[in-house]
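Taking it in order: structure first as structure tokens, then the write-up.
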Amino acid sequence: MIELPRALVVLLTAAAAVVTLAGIQAVGSIAGPVMLALVLVVAVAPIRGVLERKGAPTWLQVAVPFLLVLLVLAGMVAIVAVAATQLATIAPTYTDKFAALAAEARAFAAEIGVGADQIDKAIASFDPSRLLPVAQGVLAGALGAGSALFLIVILSLTMNLDAPAFTRILRVAKAERPELHAALTTFASRTRRYLLVSTVFGIICAVLDVIALIIFSVPLPLLWGILALITNYVPNIGFILGLLPPALLALLDGGFSTMLLVILAYIVINVVVQSFVQPKFLGDAVGLSTTMTMVSLIVWAFVIGPLGALLAIPLSLLVRALVIDSDPSARFARALVSGEAPPQGRTPA
15 MIELPRALVV LLTAAAAVVT LAGIQAVGSI AGPVMLALVL VVAVAPIRGV LERKGAPTWL
75 QVAVPFLLVL LVLAGMVAIV AVAATQLATI APTYTDKFAA LAAEARAFAA EIGVGADQID
135 KAIASFDPSR LLPVAQGVLA GALGAGSALF LIVILSLTMN LDAPAFTRIL RVAKAERPEL
195 HAALTTFASR TRRYLLVSTV FGIICAVLDV IALIIFSVPL PLLWGILALI TNYVPNIGFI
255 LGLLPPALLA LLDGGFSTML LVILAYIVIN VVVQSFVQPK FLGDAVGLST TMTMVSLIVW
315 AFVIGPLGAL LAIPLSLLVR ALVIDSDPSA RFARALVSGE APPQGRTPA
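FYI, our numbering numbers position 52 of the sequence shown as 66, with every residue one higher than the one before it.
Spelled out as structure tokens, the structure:
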């Protein structure tokens with residue numbers, strides 16, 4: 015058997031990855047809903063297992079997880095719609111306040127020698143009146159995403175219907191393809207643990223953020239708490255995305271000092287929880303190094319869009335399971351993506 019040079023193998027692998035990602039991007043409107051449906055079905059799979067062990071009929075094993083998936087999807091759509099509606103309502107009320115802040119900014123700029131034209135351009139880009147059409151566009155997009163939502167619901171239903179059969183197939187694969195069985199089982203367990211830990215600590219961060227926003231009298235604190243929970247699923251930069259709207263409202267409602275207090279509170283809460291507490295519970299469940307986590311976020315957000323950013327970790331775990339973990343000879347590739355040293359000794363061919 016002819017062994018290809020290592021450099022050629024790396025180049026061919028990189029070329030195949032580029033072609034594959036380009037193909038996924040071309041069908042991103044389909045790939046995104048498919049992956050979201052898959053992640054949701056994997057997340058509720060333990061409930062189906064409990065029902066199966068208790069002898070529940072097959073229709074109940076399908077109906078209960080599917081209804082939970084529907085509840086999650088309905089909650090996501092409702093949150094986006096409520097957020098856009100409330101932003102569209104509250105934004106115009108801050109026009110006068112923004113004008114006063116703009117005057118203060120011009121006076122301060124004049125003291126430090128910054129040109130008025132530069133300040134006017136910067137102020138124009140942050141005009142709160144522009145939030146109204148933006149919010150209306152977000153609301154229209156959320157309500158107009160019916161086709162994608164319908165696709166996700168149908169895919170979730172079909173995946174739940176096929177789940178019992180897929181479970182039986184995996185049991186057979188455990189004897190004939192143990193590496194593939196172990197890889198897929200590990201993907202499912204890691205995805206569920208990641209979602210569980212992210213949800214629990216996302217709720218903790220959201221509650222603390224809401225308390226801070228109430229203390230600083232920032233409008234719509236509950237809405238921004240829900241936003242903080244959602245953005246917690248975006249690795250590394252999620253809390254920054256959740257910080258921007260309440261920080262802007264804090265500036266308009268309470269001035270620069272309130273905005274700085276909100277930013278400081280978010281940084282303290284999220285850095286302490288996500289950087290020091292959450293990793294102790296998550297441990298090595300993700301199986302991705304910090305660098306690979308950031309690369310995953312960039313790649314999947316570019317390929318699929320905002321949905322790719324939310325699903326960056328589960329998508330990367332699926333790729334790892336299919337490409338790396340199912341191949342016994344890929345121990346060094348496994349070490350590179352996980353950041354853990356490979357076991358000593360040569361892997362048999």
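All residues carry an ideal CB built from backbone N, CA and C; glycine is no exception. Everything numeric in this text was worked out from a predicted model, so none of it was measured.
According to DSSP, is residue i part of a helix, a strand, or is it coil?
i: SER303; result: coil
i: ILE369; result: The shown model of the chain, from 15 to 363, leaves out residue 369, and the question about it has no answer.
i: LEU52; result: helix
i: SER231; result: coil
i: ALA70; result: coil
i: PRO342; result: coil
i: VAL41; result: coil
i: PRO19; result: coil
i: GLY256; result: helix
i: ARG191; result: coil
i: ALA149; result: Because the pLDDT of ALA149 is 45, which lies under 50, any placement of that residue in the model is unreliable, and the number read from its coordinates should be weighed accordingly. Reduced to three states, the DSSP call for ALA149 is helix.
i: GLY216; result: helix
i: LEU198; result: helix
i: ASN174; result: helix
i: GLY353; result: coil
i: ALA363; result: Interpretation of ALA363 is limited by its pLDDT of 42, a score under 50 that renders its predicted location unreliable; no figure is taken from the coordinates.
Between the Cα of residue i and those of the options, spot the shortest distance and give me the residue it belongs to.
i: SER303; options: VAL286, ARG334 and VAL276; result: ARG334
i: LEU262; options: ALA197, ASP176, LYS111 and ALA347; result: LYS111
i: TRP314; options: ALA29, ALA36, LEU18 and LEU22; result: ALA36
i: ASN246; options: LEU275, LEU278 and SER289; result: SER289
i: PHE164; options: THR307, PHE316 and SER43; result: SER43
i: ILE240; options: ASN250, ILE229 and CYS219; result: CYS219
i: GLY256; options: PHE270, GLY269 and ILE283; result: ILE283
i: THR34; options: ILE318, ASP339 and ARG206; result: ILE318
i: LEU171; options: THR305, ALA189 and LEU87; result: LEU87
i: ALA226; options: ALA242, THR213 and VAL211; result: ALA242
i: PRO260; options: GLY353, ILE104, ALA95 and VAL300; result: ILE104
i: VAL211; options: SER271, PRO249 and ILE168; result: PRO249
i: GLY216; options: ILE244, ILE229, GLN39 and ASN174; result: ILE244
i: LEU52; options: GLU190, PRO328 and ALA21; result: PRO328
i: ILE61; options: PRO178, VAL276, VAL232 and ILE312; result: PRO178
i: GLY301; options: LEU81, VAL64, LEU311 and GLU354; result: GLU354
i: PHE80; options: PRO192, LEU26 and ASN174; result: ASN174
Taking the alpha helix (DSSP H) that residue i falls in, what are its first and last residues?
i: ARG334; result: From DSSP, ARG334 is part of no alpha helix (DSSP H); its letter is neither H nor E.
i: GLU66; result: 59 to 67
i: THR107; result: Neither: THR107 is in no alpha helix (DSSP H) and is coded neither H nor E.
i: LEU324; result: 320 to 324
i: VAL285; result: 270 to 285
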